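Q: Below is the structure I would like to discuss, written out as structure tokens.
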């Protein structure tokens with residue numbers, strides 16, 4: 004079955020191929036298995052990645068998560084020796100750049116893609132005094148800048164850390180880093 008693939012920017016600037024992003028509103032587990040093979044071949048032949056990591060977009064990382072179709076797809080992907088299946092991936096981790104291909108049904112994939120498009124390229128304004136910009140999306144990462152209230156930044160992407168806190172990847176005057184979402188008002 005055919006599908007649509009989008010290259011989505013990631014925090015490490017590698018990008019991730021996500022498929023299906025909207026050609027099919029409903030898919031079977033076998034469709035997702037086929038998409039994984041297509042995405043893996045693309046990553047190898049076009050992007051030059053020797054052993055692309057393939058993940059299944061799901062509501063949790065555990066093997067038993069998801070509806071029946073996702074559980075069945077997991078088993079097919081796990082048994083597929085044509086791909087390097089690394090397991091489930093949650094939406095909040097999709098843009099980290101840890102995988103090369105994200106497989107999903109067209110309905111969920113389109114929502115994920117549109118959400119990413121909706122955040123990237125927006126302007127944000129710092130809403131507190133001396134807000135720290137960090138190298139990574141966690142409080143233990145090195146501080147690269149402190150911004151004053153009212154400072155405008157460009158938002159490149161958004162991620163959630165393992166505690167559920169939203170972090171925005173931002174750029175300001177040549178500096179790139181991460182800010183906690185609660186300290187940024189998106190315009």
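Residue numbers (our numbering): 4 to 190. No residue lacks a Cβ here, since even glycine has one placed at the ideal position from N, Cα and C. What you are looking at is a predicted structure, and each value in this text was computed from that prediction instead of being measured.
Helix, strand or coil for residue 119 per DSSP?
A: Three-state DSSP puts residue 119 in a helix.
Q: Could you check which residue in 82, 63 and 79 has the C-alpha nearest to that of residue 167?
A: It is 63.
Q: Given residue 81, which residues of its chain have a CB within under 6 Å of its CB, disregarding the five upstream and five downstream residues?
A: 88.
Q: Sorted by chain position, which residues of the same chain lie with C-beta nearer than 7 Å to residue 46's C-beta, five sequence neighbours on each side aside?
A: Excluding positions up to five away in sequence, the list reads 20, 52, 55, 103 and 104.
Q: Over what stretch of residues does the alpha helix (DSSP H) that includes residue 74 continue unbroken?
A: Residue 74 -> alpha helix (DSSP H) spans 71-82.
Q: Quick one: which unbroken beta strand (DSSP E) runs of 3-plus residues sit fully inside the stretch 25-111? Chain order, please.
A: Entirely contained in the stretch 25-111, the beta strand (DSSP E) runs reaching 3 residues are, in chain order, 56-60, 87-92 and 104-106.
Q: What three-state label does DSSP hand residue 168 in the structure shown?
A: Three-state result, residue 168: coil.
Q: Here's a check: name, in chain order, each residue in its chain whose Cβ is nearer than 8 Å to the Cβ of residue 109, leaving out the five neighbours to either side.
A: Around residue 109: 6, 7, 23, 24, 25, 26, 27, 28, 29 and 30.
Q: Kindly give me the distance between the Cβ atoms of residue 162 and residue 95, rounded to whole angstroms, as I take these residues to be in contact under 8 Å.
A: Rounded, the Cβ-Cβ distance is 6 Å, consistent with contact.
Q: I need the boundaries of the beta strand (DSSP E) containing residue 155, first residue and last residue.
A: First-last of the beta strand (DSSP E) with residue 155: 155-163.
Q: Give the DSSP-derived three-state secondary structure of residue 20 in the structure shown.
A: Strand, per DSSP.
Q: Beta strand (DSSP E) containing residue 151: first to last residue?
A: Here residue 151 belongs to no beta strand (DSSP E), and DSSP marks it neither H nor E.
Q: What's the C-alpha gap between residue 143 and residue 99?
A: In a straight line, the C-alpha of residue 143 is about 17 Å away from that of residue 99.
Q: On a Cα-Cα basis, can you pick out the residue from 37, 106, 116 and 133 that is closest to residue 58?
A: Nearest C-alpha to residue 58: 106.
Q: Does the separation of the CB atoms of residue 125 and residue 92 fall below 8 Å?
A: No, these two residues do not count as a Cβ contact at 8 Å.
Q: Within 10 angstroms of its Cβ, does residue 183 collect 16 or more other Cβ (buried), or is it exposed?
A: Buried, since its Cβ has 16 or more Cβ neighbours within 10 Å.
Q: Which same chain residues, not among the five before or five after residue 61, have their C-beta less than 6 Å away from its C-beta?
A: Result list for residue 61: 68, 69, 73 and 91, in chain order.
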